[in-house]
Amino acid sequence: MDAADPAGAVDWAGLRAAARDAVDQAYAPYSDFKVGAAAFADDGRLLTGANIENAAYGVTLCAECSLVSALVMSGGGRFAAFTCVNALGETIMPCGRCRQILWEHGGPELLVDTPIGVVPMTEVLPQAFGPGDLDHVREAQR
Ligand code: THU
Numbered sequence: 065m066d067a068a069d070p071a072g073a074v075d076w077a078g079l080r081a082a083a084r085d086a087v088d089q090a091y092a093p094y095s096d097f098k099v100g101a102a103a104f105a106d107d108g109r110l111l112t113g114a115n116i117e118n119a120a121y122g123v124t125l126c127a128e129c130s131l132v133s134a135l136v137m138s139g140g141g142r143f144a145a146f147t148c149v150n151a152l153g154e155t156i157m158p159c160g161r162c163r164q165i166l167w168e169h170g171g172p173e174l175l176v177d178t179p180i181g182v183v184p185m186t187e188v189l190p191q192a193f194g195p196g197d198l199d200h201v202r203e204a205q206r
């Protein structure tokens with residue numbers, strides 16, 4: 065990745081196409097709002113996810129949940145670039161809970177595709193709570 069232009073080195077068109085394909089895998093019989101997500105891992109792996117709803121609405125899995133499962137189950141690593149789309153193929157923002165999930169597995173440098181362009185995760189989840197907060201207290205209590 066080019067340090068001066070990290071977003072420029074990412075195949076965003078390919079990533080968006082993968083997210084649009086993933087929409088077809090969504091299980092969204094209750095909201096009828098299908099979401100497809102796609103990410104490149106830091107080793108270049110292309111990962112996808114789709115939302116999986118439940119009759120008990122509150123336990124629905126967002127597309128980002130199956131995406132993070134794909135990351136972990138295919139060898140782990142970190143998300144480097146992320147996008148998600150609706151059934152019209154339009155870029156949408158991850159919900160609040162999913163921003164926290166993305167932070168855990170991508171951190172501040174993760175590049176996020178948004179309706180207003182590609183931004184780092186720090187703009188999507190400012191002042192995030194993360195693993196560093198746990199380390200800080202654990203070390204202070206040692
Ligand atoms: N949804 C996602 O999959 N990701 C998001 O970031 C926003 C919301 C899903 C959850 C639910 O199945 C549907 O969109 C409607 O809220």
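For the sequence shown, the positions run 65 to 206 when this note's numbering is used. Quick reminder that beta carbons are idealized off the backbone N, C-alpha and C, glycines included.
Using DSSP bridges, identify the partner residues of residue 143.
Counting from 1 along the sequence shown, the entry for residue 143 is found at position 79. Per DSSP, 105.
Residue 176 to residue 151, Cα distance in whole Å?
Taking the sequence shown and counting its residues from 1, one reaches residue 176 at position 112. Taking the sequence shown and counting its residues from 1, one reaches residue 151 at position 87. C-alpha separation (whole angstroms): 19 Å.
Residue range of the unbroken alpha helix (DSSP H) whose run includes residue 184:
For the purposes of this step, residue 184 is taken as residue 120 along the sequence shown, with counting starting at 1. Per DSSP, residue 184 belongs to no alpha helix (DSSP H); it is in the beta strand (DSSP E), 181–184.
Contact check, residue 193 vs residue 174, beta carbons under 8 Å:
Taking the first residue of the sequence shown as position 1, residue 193 is located at position 129. Taking the first residue of the sequence shown as position 1, residue 174 is located at position 110. The answer is no: Cβ separation not under 8 Å.
Can residue 158 be considered in contact with the ligand THU, in the sense that its beta carbon sits closer than 7 Å to one or more heavy atoms?
Mapped onto the sequence shown, residue 158 falls at position 94. Yes, the beta carbon of residue 158 sits closer than 7 Å to at least one heavy atom of the ligand THU.
Would residue 99 pass as a contact of residue 119 if the rule is Cβ separation under 8 Å?
Stepping through the sequence shown from its first residue, residue 99 is reached at position 35. Stepping through the sequence shown from its first residue, residue 119 is reached at position 55. One thing to note: residue 99 has its Cβ no nearer than 8 Å to the Cβ of residue 119.
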